[in-house]
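I have placed the structure first, in the form of structure tokens, so that the comments after it can refer back to it.
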Amino acid sequence: MDILDNEAKLFFKTYKRLPLLIERGEGCYLFTKDGDRYLDMFSGLAVNALGYNHPKVIAAIEQQAKKYIHLSNFFVQEPQVELAECLLRHSKFQKIFFTNSGTEATEGAMKLVRKWGKTNKKTKIFGMTNGFSGRSMGSLSIMDKDKYRDGYGPFLENCGHIIFNDVEDLRTKIDDSTAAVFLEFIQGEGGVIPVSKEFVNALDSLRSRFGFLVVADEIQSGIMRTGKFFAYEHFDFHPDIVTVAKPIGGGLPLGAILGNDAVACVWSYGVHGTTFGGNPVACAAGKVVIETLTAESMKNQLKEMAAYLYSQLTTLKEEFAIITEIRGSGFMIGVDLSTDSAPIVEEMLARGVLVNSTAKTVVRILPPLIAEKKEIDALVRVFGEVLSSNLKGA
Ligand SMILES: *Cc1c(COP(=O)(O)O)cnc(C)c1O
């Protein structure tokens, strides 16, 4: 595979690439140049919610590309406004800012929080242990994992971490100086770990007492991934700011910050901006994504299929003691093993099914939200085969 060798020569070695050369994608499947078919139960890291080559996404991209691909944010752009309406309608927020990526949404939210904090005399920003906010310096400042932070310090001042799901630690660290708490309601990269009800309740009452902002990072978990529009909707809680990204551009780079009027009012002309953020082609594709995923029939299908996936995996767990826990919600599932998950994931790939290994022992499953029984059956069958042959090998 010449091109793989070439890549290794030419690129900074930041990505360990899969040994596949993809020709094209179709629905839930990827096809290699050699004509092999792979079932993609990872969806390009939760980006390809409608799978590959979705006709409506392609049509929206084609139509918009013919009108204009870029204008700059000097102009009001119809696709931006339409997607904004769409996103805000499905959430209880009033204002939006479009970015190019997840980490740019985190950075923007941090700046918004800082400015809000200036007026309210609050300085401290907290992230969660085991969380993931992105790779830029602000994001890294509210993360705690050495894996991502090593060698990049010093980080931003007045940033700290609260132990995820530790109510005592939360109570100890939050005070009048707290400006914001950033939180994934289901940690993705960290191993698909949901926040506990107790933690959310404690956060809610502390917020009432001290008056800080809660920023929900819905970059991975947002837009129907967990069966609800946002993962925080599984709780009786409403955040002050939400960041989204991965699926909202239909595969094109796009992110957003959503906020209520009370926080949005701290931003005025020129205080924040981006050249590419809110690209009109990405926004046109995004509108199709949101409309398709929030259609009643799609919601019902998703609910049914997520329940089916969960029950099939539970059956697998009963058969294989190596599975210690199944976590998550909707189509954001982590299967925790009593062993390293990487070899299992590698073996599944060899058998034509793409899933992801994260947090050392977790098999992360993020199917396209259009996946149906046939795909789920194939996933579970191959998973079972691999666990079974792993047992025999051990
Ligand atoms: C992927 C991800 C990010 C970062 O998004 P990028 O587009 O890679 O910068 C931030 N937070 C969460 C929860 C993510 O899953």
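Quick note: the sequence shown uses the working numbering, first residue 1155, plus one each step. Even for Gly, the Cβ is constructed at its ideal location relative to N, Cα and C. Values in this document were obtained by computation on a predicted structure and should not be read as measured data.
- DSSP, read as helix, strand or coil, puts Ser-1293 in helix.
- For secondary structure counted as the alpha helix (DSSP H) over 4 or more consecutive residues, the region 1236–1304 holds these complete runs in sequence order: 1256–1274, 1291–1295, 1300–1303.
- Shown here, His-1426 sits in coil according to DSSP, grouped into three states, outside any helix or strand.
- At a cut-off of 4 residues, the continuous stretches assigned as alpha helix (DSSP H) that sit fully inside the region 1169–1235 are 1197–1200, 1209–1221.
- Exclusion of the five residues before and after Asn-1202 leaves Gly-1179, Asp-1194, Pro-1401, Gly-1405, Pro-1522 as the residues of its chain whose Cβ lies within less than 8 Å of its Cβ.
- Counting the other Cβ atoms within 10 Å of the Cβ of Tyr-1222 gives fewer than 16, which makes it exposed.
- If only complete runs of 3 or more residues are kept, the region 1347–1379 shows the beta strand (DSSP E) at 1367–1371, in order along the chain.
- DSSP places Phe-1391 in the coil class of the three-state scheme, outside both helix and strand.
- Per DSSP, reduced to three states, the secondary structure at Val-1435 is helical.
- Beta bridge pairing from DSSP links Phe-1336 with Val-1369.
- The secondary-structure analysis by DSSP pairs Val-1507 across a beta bridge with Leu-1193.
- Between Phe-1391 and Asp-1415, the CB-CB gap reaches or exceeds 7 Å.
- By alpha-carbon distance to Thr-1277, the top candidate from Arg-1268, Tyr-1169, Ile-1340 is Arg-1268.
- Exclusion of Ile-1279 from the 6 Å shell around ligand 1 follows from its C-beta lying no nearer than that to any non-hydrogen atom of the ligand.
- At a cut-off of 6 Å, the beta-carbon of Thr-1168 does not count as near ligand 1: no heavy atom of the ligand is closer than that.
- In this chain, the beta strand (DSSP E) harbouring Val-1489 covers 1486–1491.
- By the Cβ-count criterion, Ala-1475 is exposed, with fewer than 16 other Cβ atoms from all chains shown falling within 10 Å of its own Cβ.
- When distances are taken from the beta-carbon of Asp-1298 to the heavy atoms of ligand 1, even the shortest one reaches 6 Å or more.
- With a threshold of 6 Å, the Cβ atom of Glu-1338 counts as near ligand 1, since some heavy atom of the ligand is closer than that.
- Beta-bridge partners of Gln-1341 (DSSP): Ile-1347.
- At least one heavy atom of ligand 1 lies closer than 6 Å to the C-beta of Ser-1255.
- In this structure, Lys-1249 places its C-beta atom within 7 Å of the C-beta atom of Gly-1413.
- By the 16-neighbour rule on beta-carbons within 10 angstroms, Ser-1287 is buried.
- As computed with DSSP, Ile-1519 is found in a beta bridge with Ile-1487.
- By the neighbour-count criterion, in which a residue is buried when 16 or more other Cβ atoms sit within 10 angstroms of its Cβ, Glu-1338 is buried.
- In this structure Pro-1348 touches Gly-1482 by the C-beta definition: roughly 7 Å separates them, less than 8 Å.
- Leaving aside the five residues that flank Gly-1403 on each side, the residues in its chain whose CB is nearer than 7 Å to its CB run, in chain order, Ala-1436, Ala-1439, Gly-1440.
- The nearest non-hydrogen atom of ligand 1 is less than 6 Å from the C-beta of Gly-1288.
- The Cβ neighbour count for Ala-1385, taken over all protein chains shown within 10 Å, is at least 16; the residue is labelled buried.
- Contact fails between the region 1201–1215 and the region 1527–1543, because fewer than three Cβ pairs, one in each stretch, are under 8 Å apart.
- When Thr-1493, Phe-1247, Ala-1525 are compared, the shortest CA-CA separation from Pro-1393 is found for Phe-1247.
- In this structure, ligand 1 has no non-hydrogen atom nearer than 6 Å to the beta-carbon of Asp-1390.
- When secondary structure is reduced to three states using DSSP, Thr-1512 falls in the strand class.
- Annotation for Glu-1161: no residue places its beta carbon closer than 6 Å to its own, counting only its chain and skipping 5 residues before and after.
- Straight-line spacing of the CA atoms in Arg-1303 and Leu-1294 works out to 6 Å.
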